[in-house]
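Residue numbers for the sequence shown follow the numbering used here, beginning at 6 and rising by one.
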Amino acid sequence: MNASLLWLHDLDAALAEARRTRRPVWLMFEREGCAGCAKMEANTYRDPQVRAELTEAFVLLRQNIRRDRLVRSRYAAVWTPSFYVLDARGTAHHVELGYLPPEDLRLVLRLGRAKELVPRGRYTEAIALLEDALTRFPTHPMAAQVMLWWAMARYLTSGDGRQLREDLAALRRRYPDSAEARRWPWNDLPTTA
């Protein structure tokens, strides 16, 4: 176990700490013999930027997928490692399955936090996190998903349909082969220029 990170091992304690500190929970399901879990310890959780970002922004919770059956059942967890961003009520807002290298985890932390903020109307904070992710990781395979959430948060802030259309057109230009680019909701397609 990495001594640099303070992990809780009880869901109720983690949720209480989330309420007290006004931070979301980063839940990791693990098990003995899990290669991805071991690699998280040996590689990702040793990264100084990962440690700093996790410690600053999240309450950390580890659960054994085999032993912690009630928590496993609550989140329908089936894989290790798996990661959930929870709000202080325990609602999951983002899920990732499998090993995450440091860069991937750093992007997921921003996306997951933003997805936890948006339902609470904290759009400005979400937009800042998503813009930071797009600036730091512009070519990451998940960048199109980040940009879609950025466009949605901007729309929810302003209610400006024209801006949403422009943002989604920019997404289609920047990430034309992404699943998110296919979600163009209007009958006409944007120009590619």
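In this text, a Cβ means the ideal position worked out from N, Cα and C, and glycines have one as well.
Fair warning: this is a prediction, and the values are worked out from it, not measured in the lab.
The stretch 19-66 contains, as complete beta strand (DSSP E) runs of 3+ residues, the segments 30-35 (chain order). By the criterion of a C-beta distance shorter than 6 Å, residue 13 is surrounded in its chain by 19 and 66, once the five residues flanking it on both sides are discounted. For residue 68 and residue 138, the gap between their C-alpha atoms comes out near 28 Å. Note on geometry: alpha-carbon atoms of residue 144 and residue 189 lie some 21 Å from one another. The alpha-carbon separation between residue 169 and residue 156 amounts to approximately 6 Å. The shortest CA-to-CA distance from residue 104 to any of 17, 49 and 171 is the one to 49. Per DSSP, reduced to three states, the secondary structure at residue 194 is coil, with no helix or strand assignment. The three-state reading of DSSP puts residue 84 in coil, since its state is none of H, G, I, E or B. In this structure residue 85 is buried. Its beta-carbon is surrounded by 16 or more other beta-carbon atoms within 10 angstroms. By DSSP's assignment, residue 97 forms a beta bridge with 91.
Of 147, 64 and 175, the smallest CA-CA separation from residue 25 is found for 64. Boundaries of the alpha helix (DSSP H) harbouring residue 77: 74-79, taken from the DSSP string. Going by C-alpha positions, residue 71 is about 45 Å away from residue 163. In this structure, DSSP gives residue 10 a state outside helix and strand, which the three-state scheme calls coil. When the five nearest sequence neighbours on each side are left out, the beta carbons in the same chain lying within less than 6 Å of the beta carbon of residue 102 are those of 84 and 87, in order along the chain.
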